[in-house]
Structure formats: structure tokens, C-alpha cells
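S.K.: The sequence shown begins at 415 in this note's numbering and counts up by one.
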Amino acid sequence: MPDPSKDLVFFPGCSLASSARENYASLQQAFWKLGFRFRELDDWNCCGSAATGVAGEEIDFLLSARNLTKVPPGKTLLVACPKCWTKLHIVQRRLKEDPEFASRVSRLFGTIPEEGVRIVHYLEVLTEIGVDNLARIVSADRENLRCALYFGCTRAQQSKVNGAIMFDEQSIQSILENLGVTGVKWPHVHRCCGTYLTGAIPEIVEELACRIVNGAAEAGAEAIITVCAMCHFNLETRGQKFTVLPILHFTEILSIALGIRPPGWWFRRHLVSPVNLLKKKGWL
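The following block contains the structure:
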């Protein structure tokens with residue numbers, strides 16, 4: 415009988431559905447390999463994070479509420495974007511504590527979300543699987559990559575949601591080591607990349623992103639590994655002015671370590687190709 419805990423509904427968010435499709439594909443492949451049944455949330459929309467400054471906070475709350483109404487009963491909602499995770503959790507709590515807001519959601523969408531829907535970041539799922547269980551299915555016939563793991567604002571995002579944990583950073587670092595990545599010590603692990611300012615004030619994002627990429631290179635990293643598609647976008651598009659360094663999605667590293675052969679289009683979408691580095695180290 416299928417394990418219901420492995421039946422996941424995935425909310426991709428805007429980045430994974432557009433600029434980071436390789437992030438989506440590598441996450442999907444990895445989770446299939448780990449035995450999860452994985453399907454996309456029907457008729458989803460933007461979580462609203464990018465709309466706050468334009469349309470107002472109430473609109474972004476309603477956008478996330480609509481997504482929650484789409485989650486089938488009893489299903490876990492898997493999320494990859496830290497901002498989406500945060501917004502969905504905030505709205506879920508507001509639905510519980512603000513009857514007027516819940517009533518408005520019901521009027522607008524004809525229903526209210528099921529109470530207690532589990533909203534989980536994919537990295538939290540990996541920590542639940544555990545380092546040892548992941549290590550059993552990882553191919554070790556490759557040279558370790560020396561990388562800077564970059565969390566960006568995930569800790570700040572998590573602090574907005576009382577009582578909820580996006581993922582445990584130390585556990586993720588341990589998982590990465592077991593996948594075949596040697597982490598470097600560097601000062602910019604949690605420095606903001608500039609997020610959506612990349613469109614409005616690109617020069618600010620360029621300064622921030624270049625500082626991050628330069629710092630990783632100075633620490634001896636051969637690449638940066640990101641856990642956020644928006645961070646990945648900014649470090650690739652704005653951070654390569656002085657130092658050229660491949661930027662990898664965590665999910666790409668995970669997939670390859672699990673024995674998945676990536677299709678060529680994944681890395682053709684990268685502005686700085688990681689292919690030569692990965693071939694040199696025996697990952698491809």
C-alpha cells in the first residue's frame with residue numbers, strides 16, 4: 415500500500431516555473447529517486463511576495479490564501495522557495511487567527527483551506543530522511559567539490575514565522591558533505607543577495623552579489639551552492655563582474671549525487687557553465 419507521507423503536492427512558485435526550470439527538474443528527479451510521488455499544485459498562482467510593494471500586503475495575503483485552497487485534503491505541500499514558504503505559513507496562521515480574513519477568503523474563492531495543511535521546504539524533507547539514509551544511495555565514485563554553501567536570507571525569512579522551522583542549517587551542511595561536497599568557511603553565508611531589487615535598482619544588487627561571489631572565491635570555493643532560485647539568479651546575473659564562479663542549485667548537486675544523469679539543457683541554462691568543473695571532479 416502506498417505511503418501517504420510520500421505523496422507530495424508541489425508549489426513551484428514563479429522562479430522555478432520560469433528562470434529556474436533546471437531547479438524544478440532536478441528537484442523533481444531527486445524526489446522521484448527518493449521514492450516520493452510528486453505532482454504540481456493545480457492552477458497555482460504567485461505567492462504574492464513580489465506584489466507587496468506594488469499592490470499592497472493584503473493582495474499578497476489573498477494570493478497565498480488562494481494557493482492554500484487548492485491543496486487537496488490530507489496532502490503535504492512541498493515548497494522550494496524560502497519566500498513562498500514564509501508567505502504561505504504567515505497566511506495559514508492568519509486564516510486561523512483572523513475570522514474576518516478567513517471569511518473574505520471564503521467569499522472570494524468559495525472555500526477556505528483545510529486547517530493544518532503541512533507546508534514543508536524540500537530541505538526539511540531531506541533532514542527527515544536523514545544523513546545516513548541518503549548516504550546509502552549516494553554514489554561515492556567522484557572527487558569532492560569545494561563549494562561555498564549560501565543560505566542568503568532564509569534565516570531572516572524563517573524568523574517571520576513563529577514556531578515553524580524551514581530547515582536546520584547544520585543538518586543541510588552534513589547532508590552536503592555526505593553528497594560529496596567540502597564546504598568552505600566564508601563570511602557571506604547569510605548576506606542578502608538583493609532579491610527583487612535586481613529589477614528596480616540593479617546597481618545595488620550588483621554590489622551585493624559581487625561581494626558574495628568574490629568572498630566565496632577568496633575562501634577557496636570552486637562554486638557556490640544556493641538553496642533559493644532568486645539568489646541563484648542574482649549571483650549569476652549580477653555577481654560575475656570581477657570573479658567568474660559557477661552557481662549551482664542544491665537540487666542539481668543532490669540529483670547527480672543520487673546517480674541521476676542530468677540532461678544537457680540543465681547546465682545550458684546557466685550563465686556560468688559548471689560542466690568543466692563537474693567533469694574534472696568526476697561528477698559528469
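Idealized CB from N, CA, C, for every residue including glycine.
(1) Determine the closest residue to residue 502 out of 534, 549 and 440, with distance taken between C-alpha atoms.
(2) Note down the Cα distance separating residue 448 from residue 624, rounded to an integer number of angstroms.
(3) Pop quiz: residue 424 and residue 451 are said to be a contact at Cβ under 8 Å. What is the actual Cβ separation, rounded to whole angstroms?
(4) For residue 666, collect the residues of the same chain with a Cβ closer than 6 Å to its Cβ; drop the 5 residues on either side in sequence, then sort them by chain order.
(5) Please report the residue range of the beta strand (DSSP E) in which residue 597 lies.
(6) Output the distance between the C-alpha atoms of residue 476 and residue 512, rounded to the nearest integer angstrom.
(7) State yes or no: is the C-beta of residue 595 within less than 9 Å of the C-beta of residue 540?
(8) Does the region 543-551 come close enough to the region 478-495 to have 3 or more Cβ pairs within less than 8 Å?
(9) Alpha carbon to alpha carbon, what distance is there between residue 574 and residue 504?
(10) Just the Cα atoms here: how many angstroms apart are residue 531 and residue 690?
(11) Please classify residue 422: does DSSP put it in a helix, a strand, or coil?
(12) State buried or exposed for residue 472, treating a residue as buried only when at least 16 other CB atoms are found within 10 Å of its CB.
(13) To the nearest angstrom, how far is it from the Cα of residue 618 to the Cα of residue 518?
(14) Which first and last residues belong to the beta strand (DSSP E) in which residue 636 is found?
(15) Quick one, which of 510, 605, 639 and 493 has its alpha-carbon nearest residue 586's?
(16) Using DSSP's beta-bridge definition, name the partner residues of residue 473.
(17) Which runs of the beta strand (DSSP E), 3 residues or longer, sit entirely within the region 443-516?
(18) Within a Cβ cutoff of 7 Å, which residues of the same chain sit near residue 656, ignoring the five residues on either side of it in sequence?
(19) Identify, in the order they occur along the chain, each residue of the same chain with its Cβ nearer than 8 Å to the Cβ of residue 635, setting aside the five sequence neighbours on each side.
(20) Within 10 Å of its beta-carbon, does residue 443 have 16 or more other beta-carbons around it, so buried, or fewer, so exposed?
(21) Relative to the C-alpha of residue 391, which candidate in 611, 616, 605 and 647 has its C-alpha closest?
(22) Count the other CB atoms, across all protein chains shown, that sit within 10 Å of the CB of residue 685; report buried if there are 16 or more and exposed otherwise.
(23) Flag this pair as yes or no: are the beta carbons of residue 496 and residue 584 separated by less than 9 Å?
(24) Taking the continuous alpha helix (DSSP H) assigned at residue 537, which residues delimit it?
(25) In the DSSP assignment, find the alpha helix (DSSP H) that holds residue 614 and state where it starts and stops.
(26) May I ask you to report which of helix, strand or coil DSSP gives residue 548?
(27) Residues bridged to residue 563 by DSSP?
(28) Starting from the C-beta of residue 508, find all residues in its chain whose C-beta is less than 7 Å away, skip the five residues before and the five after it, and write them out in chain order.
(29) Can you grab the Cα-Cα spacing for the pair residue 431 / residue 459, in whole Å?
M.R.: A quick look at the data gives this:
(1) To locate residue 502, count along the sequence shown from 1; it is residue 88. The shortest CA-to-CA distance from residue 502 to any of 534, 549 and 440 is the one to 534.
(2) Residue mapping note: residue 448 aligns to position 34 of the sequence shown, counting from 1. Residue mapping note: residue 624 aligns to position 210 of the sequence shown, counting from 1. Across the structure, residue 448 and residue 624 are spaced so that their CA atoms are roughly 35 Å apart.
(3) Taking the first residue of the sequence shown as 1, we reach residue 424 at position 10. Taking the first residue of the sequence shown as 1, we reach residue 451 at position 37. Contact check for residue 424 and residue 451: beta-carbon distance about 10 Å, past the 8 Å limit, so the pair fails to qualify.
(4) Indexing the sequence shown from 1 puts residue 666 at position 252. Hits under 6 Å: 440.
(5) Within the sequence shown, residue 597 is the residue found at index 183, counting from 1. 595-597 is the extent of the beta strand (DSSP E) around residue 597.
(6) Residue mapping note: residue 476 aligns to position 62 of the sequence shown, counting from 1. Residue mapping note: residue 512 aligns to position 98 of the sequence shown, counting from 1. Note on geometry: alpha-carbon atoms of residue 476 and residue 512 lie some 13 Å from one another.
(7) For the purposes of this step, residue 595 is taken as the residue at position 181 of the sequence shown. For the purposes of this step, residue 540 is taken as the residue at position 126 of the sequence shown. Taking 9 Å as the Cβ cut-off, residue 595 and residue 540 do not qualify as a contacting pair.
(8) Too few Cβ pairs lie closer than 8 Å, so no.
(9) The residue given as residue 504 occupies position 90 in the sequence shown. The residue given as residue 574 occupies position 160 in the sequence shown. Spanning the two alpha carbons is a distance of roughly 8 Å.
(10) For the purposes of this step, residue 531 is identified with residue 117 of the sequence shown, where counting begins at 1. For the purposes of this step, residue 690 is identified with residue 276 of the sequence shown, where counting begins at 1. Taking the Cα positions, residue 531 is about 43 Å away from residue 690.
(11) By one-based count along the sequence shown, residue 422 stands at place 8. Note: residue 422 maps to strand in three-state DSSP.
(12) On the sequence shown, position 58 is the one that residue 472 refers to. Counting of Cβ neighbours within 10 angstroms places residue 472 among the exposed residues, the total staying below 16.
(13) As a working mapping, residue 618 is identified with position 204 in the sequence shown. As a working mapping, residue 518 is identified with position 104 in the sequence shown. Here the C-alpha atom of residue 618 lies approximately 38 Å from the C-alpha atom of residue 518.
(14) On the sequence shown, residue 636 is found 222 positions in, with the first residue counted as 1. From DSSP, residue 636 is part of no beta strand (DSSP E); its letter is neither H nor E.
(15) Here residue 586 is taken as the residue at index 172 of the sequence shown, counted from 1. The option with the nearest alpha carbon to residue 586 is 639.
(16) The residue labelled residue 473 in the question sits at position 59 within the sequence shown. In the DSSP assignment, residue 473 is bridged to no other residue.
(17) Secondary structure within the region 443-516: the beta strand (DSSP E) runs of 3 or more consecutive residues, fully enclosed, are 451-454 and 490-493 (chain order).
(18) As a working mapping, residue 656 is identified with position 242 in the sequence shown. Here residue 656 has 624 and 628 as same chain residues with Cβ atoms under 7 Å from its own Cβ, once five neighbours each way along the sequence are excluded.
(19) In the sequence shown, the residue the question calls residue 635 occupies position 221. 560, 561, 562, 598, 600 and 659.
(20) Counted from its first residue, the sequence shown places residue 443 at position 29. Classification of residue 443: buried, given that the 10 Å Cβ count is 16 or more.
(21) Because residue 391 is not part of the residues shown, which for the chain are 415 to 698, the question remains open.
(22) By 1-based counting over the sequence shown, the position of residue 685 is 271. The residue is exposed, with fewer than 16 neighbouring Cβ atoms inside 10 Å.
(23) As a position in the sequence shown, residue 496 is number 82, starting the count at 1. As a position in the sequence shown, residue 584 is number 170, starting the count at 1. No; because the gap between Cβ atoms is not below 9 Å, this pair is not in contact.
(24) What you label residue 537 is simply residue 123 of the sequence shown in a count that begins at 1. Its alpha helix (DSSP H) spans residues 536-543.
(25) The count along the sequence shown starts at 1 and reaches residue 614 at position 200. Counting along the chain, the alpha helix (DSSP H) containing residue 614 begins and ends at 611-614.
(26) Counted from its first residue, the sequence shown places residue 548 at position 134. Here residue 548 sits in helix by DSSP.
(27) As a working mapping, residue 563 is identified with position 149 in the sequence shown. DSSP lists 639 as the bridge partner or partners of residue 563.
(28) Working through the sequence shown from its first residue, we reach residue 508 at position 94. The residues are 475 and 515.
(29) To locate residue 431, count along the sequence shown from 1; it is residue 17. To locate residue 459, count along the sequence shown from 1; it is residue 45. About 11 Å.
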